[in-house]
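In UniProt numbering, the protein residues as written are 1 to 117.
Note that CB positions come from ideal geometry on N, CA and C, so glycine has one too.
Here the structure is a predicted model, which means the values were calculated and not measured.
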């Protein structure tokens, strides 16, 4: 039972320290300390990844013990976490500009057939 409590505590701590790193990153940015902000953001990302990983591991452990429902719960938690982003931190998703997704207009015209002279 002790191990369970420690595991839970660790998990809880992760979310708090992740939020703390985000706050420090914001503070650094306000002071113009871009490198510091990047370091804190990277740390927050790492903490976040570890928390998601922790849920995945719990899911695997449940599966090995034949606890399918527990595994599903942990797995859904892990995926919910990996999609979760702080409202003030927009997710960094590099999407191509809309223009790139459409073929150029020129390509849509049929080729001009050369009439024999």
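- Closest by C-alpha distance to residue 28, out of 37, 20, 21 and 22, is 37.
- Under the DSSP assignment, residue 56 falls in the alpha helix (DSSP H) whose first and last residues are 34-64.
- Linking residue 54 to residue 66 through their CA atoms gives a straight-line distance of about 18 Å.
- As the crow flies, the alpha-carbon of residue 63 is around 45 Å from that of residue 33.
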